[in-house]
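**Student:** So for the sequence shown, the working numbering puts the first residue at 2; every next one is plus one.
I am attaching a structure below and will ask some questions about it afterwards.
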Amino acid sequence: MPPPAGPSLFQFPGTTGQGTALVLLLERDRAGLDRFLDASARPFRRFRRMVFVTTDSDLRPFHDRGLTAELFPSFEDIAASPVRGPWLSYLARRRKILLAKWQPRWQLAYGIDWPAYLERARSLLEDRPQAAELP
């Protein structure tokens, strides 16, 4: 699934001020991620804090630049699962915790956004046997 040409921007309702921005970098290749992080420092100065959300388990590109990163499972990790659940409820809960933790005002998606990420995860799990969902 190729990422769209430009970013999508979403402002959470009821938020004010500069605030925190979630920057979704889901399923980005390593070379593209490094180029993006090198080129993006200046445009993001307008936000009080940026939290990068990635599916790459190697967080060194963020750590080396002193950036905050949150990790979500990659499509490869999800596809490797032998059962369907509780992935979908886990992803929904993980996102809810992420939003409560950082209380972002903005969400910028460079590539895959939340709905596309969740839809692709759902499609990867369709042919798997159902396991118990989280309560």
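We put the beta carbon where it would ideally sit given N, CA and C, even for glycine.
The model shown is predicted, which means the values in this text are computed figures rather than measured ones.
According to DSSP, is R61 helix, strand or coil?
**Tutor:** Mapped onto the sequence shown, residue 61 falls at position 60. Helix, per DSSP.
**Student:** What are the start and end residues of each continuous beta strand (DSSP E) run of 3 or more residues lying completely inside the segment 101–131, in chain order?
**Tutor:** 107–110
**Student:** First and last residue of the beta strand (DSSP E) that includes A195?
**Tutor:** For residue 195 there is no data in the structure shown, the boundaries of the chain being 2 and 136.
**Student:** Spatial neighbours of S75 within its chain, please: CB distance less than 8 angstroms, with the 5 preceding and 5 following residues excluded, ordered by chain position.
**Tutor:** Numbered from 1 along the sequence shown, position 74 holds the residue referred to as residue 75. Within the same chain, S75 has close Cβ partners E28, T56, D57 and S58.
**Student:** So, with DSSP's three-state summary, where would you put L135?
**Tutor:** Along the sequence shown, one-based indexing puts residue 135 at 134. In this prediction, L135 has a pLDDT of 43, which is less than 50 and means its spatial position is unreliable; nothing more can be read from the coordinates.
**Student:** Cα separation between R36 and P62?
**Tutor:** Position 35 of the sequence shown, counted from the first residue, corresponds to residue 36. Position 61 of the sequence shown, counted from the first residue, corresponds to residue 62. Cα to Cα, the separation comes out at about 10 angstroms.
**Student:** Please name the residue, chosen from D39, R49, A32 and L72, that lies closest to L25 on a Cα-to-Cα basis.
**Tutor:** As a first step, residue 25 is located in the sequence shown; it is residue number 24 there, counting from the start. It is L72.
**Student:** Where A81 and R94 are concerned, what is the direct C-alpha to C-alpha distance, given to the nearest angstrom?
**Tutor:** Stepping through the sequence shown from its first residue, residue 81 is reached at position 80. Stepping through the sequence shown from its first residue, residue 94 is reached at position 93. Cα-Cα distance, rounded: 21 angstroms.
**Student:** Just tell me which of P83, I79 and Y111 has its CA closest to the CA of L92.
**Tutor:** Counting from one through the sequence shown, the residue named residue 92 turns up at place 91. Nearest to L92 by alpha-carbon distance, out of P83, I79 and Y111, is I79.
**Student:** CB-CB under 7 angstroms to L119, same chain, minus the five flanking residues each way: which ones, in chain order?
**Tutor:** Locating residue 119 in the sequence shown gives position 118, where the first residue counts as 1. So the qualifying residues of the chain are L92.
**Student:** Does DSSP classify P5 as helix, strand or coil?
**Tutor:** For the purposes of this step, residue 5 is taken as the residue at position 4 of the sequence shown. Note that P5 has pLDDT 43, beneath the 50 cutoff, so the model's placement of it is unreliable and no number is given.
**Student:** Confirm, please, whether the CB-CB distance from L89 to R123 is below 8 angstroms.
**Tutor:** Here the question's residue 123 lines up with position 122 in the sequence shown. Here the question's residue 89 lines up with position 88 in the sequence shown. It is a contact, given that the beta carbons lie within the stated cut-off.
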